[in-house]
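In what follows, a structure is listed as structure tokens, so that the remarks can point back to it.
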Amino acid sequence: MTAILPPAERLWWKHPLDRVEGTWIAIAFVWCMVMFFMMIYWHINGRQNLSTETYKASPEAYQARAEAWASQYTVRVDETTGNPVVAPPAGGDAYLIARLWSFWPTLELEKDKTYRLHLYSMDYNHGFSLQPSNINIQVVPGYEHVVTVTPNQSGTYSVVCNEFCGIGHHTMVGTLYVK
Amino acid sequence: MATTTSYRTCSISGLQFESRAEKLIAANAVAGVVFLLIGGLLALGVALTRWPSVHWLQADKFYQVLTAHGLNMLIFWMIFFEIALLYFCASTLLRCRIATPKIAWLAFALMLVGAAMNNVAVYQGASSVMMTSYVPMPATPSFYLGLVLFAVGALIGCFVFFGTLVVAKRDKTYEGSIPLVTFGAVTAAIIAVFTIASGAIILVPTWLWSIGVVKEVDPLIYRLVWWGLGHSSQQINVAAQISVWYLVAAVAFGAKPMSERVSRGAFLLYILFLQLASAHHLLADPGVSTNWKVLNTSYFMYFAVLASMIHGLTVPGAMEVAQRQKGFTRGLFEWLRRAPWGNPTFSGVFISIIGFGFLGGISGVMMGTEQLNMIIHNTIYVPGHFHATVVVGTTLTFMALTYYLLPVLFKREVINPGLAKLQPYLFGLAMYVFCLVMMGAGTLGVPRRHWDLGFGGMPGAYEWPGAAYLMMGLVGISGVVAIIGGALYIYLTVGTLLWGRKVAVAGASAQPTPIPPTAPTLAAQSYGSLGFAAPGTFVLAMVFLVSFVLYYFVNWKYLSTLWGMS
Chain A
1 MTAILPPAER LWWKHPLDRV EGTWIAIAFV WCMVMFFMMI YWHINGRQNL
51 STETYKASPE AYQARAEAWA SQYTVRVDET TGNPVVAPPA GGDAYLIARL
101 WSFWPTLELE KDKTYRLHLY SMDYNHGFSL QPSNINIQVV PGYEHVVTVT
151 PNQSGTYSVV CNEFCGIGHH TMVGTLYVK
Chain B
180 MATTTSYRTC SISGLQFESR AEKLIAANAV AGVVFLLIGG LLALGVALTR
230 WPSVHWLQAD KFYQVLTAHG LNMLIFWMIF FEIALLYFCA STLLRCRIAT
280 PKIAWLAFAL MLVGAAMNNV AVYQGASSVM MTSYVPMPAT PSFYLGLVLF
330 AVGALIGCFV FFGTLVVAKR DKTYEGSIPL VTFGAVTAAI IAVFTIASGA
380 IILVPTWLWS IGVVKEVDPL IYRLVWWGLG HSSQQINVAA QISVWYLVAA
430 VAFGAKPMSE RVSRGAFLLY ILFLQLASAH HLLADPGVST NWKVLNTSYF
480 MYFAVLASMI HGLTVPGAME VAQRQKGFTR GLFEWLRRAP WGNPTFSGVF
530 ISIIGFGFLG GISGVMMGTE QLNMIIHNTI YVPGHFHATV VVGTTLTFMA
580 LTYYLLPVLF KREVINPGLA KLQPYLFGLA MYVFCLVMMG AGTLGVPRRH
630 WDLGFGGMPG AYEWPGAAYL MMGLVGISGV VAIIGGALYI YLTVGTLLWG
680 RKVAVAGASA QPTPIPPTAP TLAAQSYGSL GFAAPGTFVL AMVFLVSFVL
730 YYFVNWKYLS TLWGMS
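Residue numbers (my numbering), protein chains in the order written: chain A, 1 to 179; chain B, 180 to 745.
Written out as structure tokens, the structure reads:
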């Protein structure tokens, strides 16, 4: 009878569907399909899809590559943070190192140009949270994640670490310029 | 086998309790409430620190308190209460003895020791790694060992539940199929086995790593398998809480399910697809393919979402049908207006259903969409969402159930019924606000698990907009109000157990009384309007759908304005 008793009808699975339920199931099913195909549609026609290009890399190897790249394209030193400001050529690689508790270096990108942004953590999990746009990507140690980005607005952005990484987590923040 | 046990029939509810099962249900439920109390005290530390103008605890204390808060609430409180619920749904609803009570006590002891060990490890200070404890950030070995012991205990509890189902079947204490609520509990238990096994698979090697036996645990594999525990344990909650919704509809209204087939089918969809949702936590990760993300994050084409949308209709729908049969047929909503709003068991569940659907459900599907996840991943939007699901959804539902169980199981009348009437409103509505402002702050980018909006004064740090500070202030205020609501619950339950007036107990018998077979009722339904048995609920469901669709596409619109990424 009620939900805390065995169903009164032994063949409950033959009970006809109520009209309210049937209608709602049909509507809900259509909506579920819309949501499912929306993700696929965005991969075909949308401009914001997270890359899955990933490499395993050791901290030493990644750091050596990032430092060699930075020495080639450093344009100045950021006065407030003391970090080198690195401006890679459009279409080129841009490396970012996340570690306890800073981002290195400060990147300077150009609006409407495309870059291969490499994200890597030297130690624990970190978060790449680009503000004020609010784009958030996980940074997992040992895995080099290459994300192709095309900034569409110039200005000064901040990169906030939004994955808990220990006692200094809340001081982990970097800058990113878009000209 | 036939050791001394007895069966009593509750004079209020008509439920039959076996004495050994009754003690186990009570012990697990009480242990759960103790961990809720601990988690609630810790919540005060979290709320008062994230309230920017109060900023109470130091950073190290804050991260420590937040770690313990997450574990005590999401793991210990919920799973203890769920084990109690499993035993209730098997032994009590099927009117049989509980299988292997001694092993059930062993399970209880393991869970208690594990939970205590984990808590001690966190309070010692070297395990402030958050509930997720992502490697390679290290915690002390006893942190992991405590969790493993707890998991093993809970797993044993699940098998005691399955064993009890076998006992009932063999002793023929019921005829036909098990009740819908027990069916929901089976769903929860199956999900629990998957969940706990995932936990053991990743936490055992992590524990071995912490004592130096294993050299390395891969950080990405850890995240993948750990979320089989972390997210799926919340799916146990969903299945358990929805079973309770059906139970409350039955006891508060005498409602019967609109259709057994639909409700059971929806639970079946949970068993098949709900687990896939652990993929939500890896949507912003490197190393997992797009196809994997799309298929898993959508719970295989959103079939589990479909199941939740079905339950969201059928539970209030069953209440509406029962109310209409009682004659509350005027307009679309007389059935709802004339519902027992003063009964905390009903009001708690109803506030829970609405909050779970509108706040938790919609936000959950939005943030679980592969691309949209990028605009909220690891922001405070995430705890905003899961406080709507596990606090408004599960905790409030369990609170509501407690008011029903106090006289029935604990044989005490609730002290201060006036306060009990108020409690679900205070707690539930404060949590509504809390979740909304947290999600608001998250859309502005405020990170979760973060001690200081000011970044400790780092040069060149980001300056949050004023609205973020305002939202986080409201998070603090509404959080404190909700904690007061939670404290009321603790006061009422503990007070009732200590000082509540005893309910007269009928004599016990040595043999169980089987459930009498119920006569089939005519399927024809003449109530409702326009051929709809529950038109009011249908209108509510359409309001839900419209909010869902609008909110979903507003987020796509925002996403389309961001940097190009491929």
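Every residue, glycine too, gets a C-beta built ideally from N, C-alpha and C. Just so it is clear, the structure is predicted and the values come from calculations on it, not from any experiment.
Secondary structure at B:I375: helix, using DSSP grouped into helix, strand and coil. Of B:L741, B:L461, B:L223, B:F241, the smallest CA-CA separation from B:S477 is found for B:L461.
Exposure of B:L729 is indicated by the presence of fewer than 16 other C-beta atoms within 10 angstroms of its C-beta.
In the assembly as shown, B:N207 is a buried residue. Its beta-carbon has 16 or more other beta-carbons within 10 Å. B:A456 places its beta carbon less than 8 angstroms from that of B:A483. For a Cβ distance threshold of 9 angstroms, nothing in chain B lies close to A:A57: the least Cβ distance comes to about 11 angstroms. Straight across, the Cα-Cα distance linking B:M553 with B:V561 is about 12 angstroms. Contiguous beta strand (DSSP E) elements confined to the stretch 64 to 92 of chain A occur at 74 to 77, 84 to 86, taking only those with 3 or more residues. Proximity of A:H118 to chain B, defined by a Cβ-Cβ separation below 8 angstroms, is not satisfied.
For B:A278, no CB of chain A lies under 8 angstroms from its own CB, so it is not counted at the interface with that chain. Secondary structure note for B:K281: its alpha helix (DSSP H) is the uninterrupted segment 280 to 303. For B:T508, there is no enclosing beta strand (DSSP E), as DSSP gives it neither H nor E. The Cβ atoms of B:Q550 and A:Q63 lie no closer than 8 angstroms to each other.
Listed in chain order, the beta strand (DSSP E) elements of length 3 or more contained wholly in the stretch 395 to 431 of chain B amount to none. Taking a C-beta distance under 8 angstroms as the contact criterion, B:P436 and B:Y425 qualify as a contact pair. Residue range 469 to 476 is occupied by the alpha helix (DSSP H) that includes B:N475. Look at A:W104 here: in three-state DSSP terms it is strand. In this model, A:E163 and A:W69 are separated by some 26 angstroms (Cα to Cα). For B:H629, the secondary structure class from DSSP, reduced to helix, strand or coil, is coil. Between B:I489 and A:A28, the C-beta spacing is below 8 angstroms. Beta-bridge pairing by DSSP links B:F196 to B:R187.
For the pair B:G652 and B:W235, the CB atoms are not nearer than the 8 angstroms cut-off. The alpha carbon of B:G534 has as its nearest neighbour, out of B:N251, B:G743, B:E354, B:F613, the alpha carbon of B:F613. Neighbours of A:G46 in chain B, taken as residues at a C-beta separation under 9 angstroms, are given in chain order as Q550, W735, L738, S739. Counting along the chain, the unbroken beta strand (DSSP E) around A:G174 starts and ends at 173 to 178. A straight-line Cα-Cα distance of about 16 angstroms links A:Y115 and A:V85. Just so you know, the alpha carbons of B:C268 and B:I656 end up roughly 38 angstroms apart. Per DSSP, reduced to three states, the secondary structure at A:G155 is strand. With fewer than 16 other CB atoms across the displayed protein chains lying within 10 angstroms of its CB, B:K351 is exposed.
Scanning chain A for C-beta atoms nearer than 8 angstroms to the C-beta of B:L426 yields A3, I4, reported in chain order.
Taking all protein chains in view, the Cβ of B:S726 is surrounded by fewer than 16 other Cβ atoms within 10 Å, so the residue is classified as exposed.
DSSP places B:I669 in the uninterrupted alpha helix (DSSP H) bounded by 645 to 678. From the listed residues B:T581, B:Y583, B:I530, B:P596, the smallest Cα separation to B:A567 is found for B:I530. Sequence-distant partners of B:R517 (beyond 5 residues in either direction) whose C-beta falls short of 8 angstroms from its own C-beta, in its chain, are Q502, F507. Beyond the five residues adjoining it in sequence on each side, B:H459 comes within less than 6 angstroms, by CB distance, of T476, G547 in the same chain, given in chain order. In the DSSP annotation of this structure, the continuous segment of the beta strand (DSSP E) that includes A:K56 starts and ends at 53 to 56.
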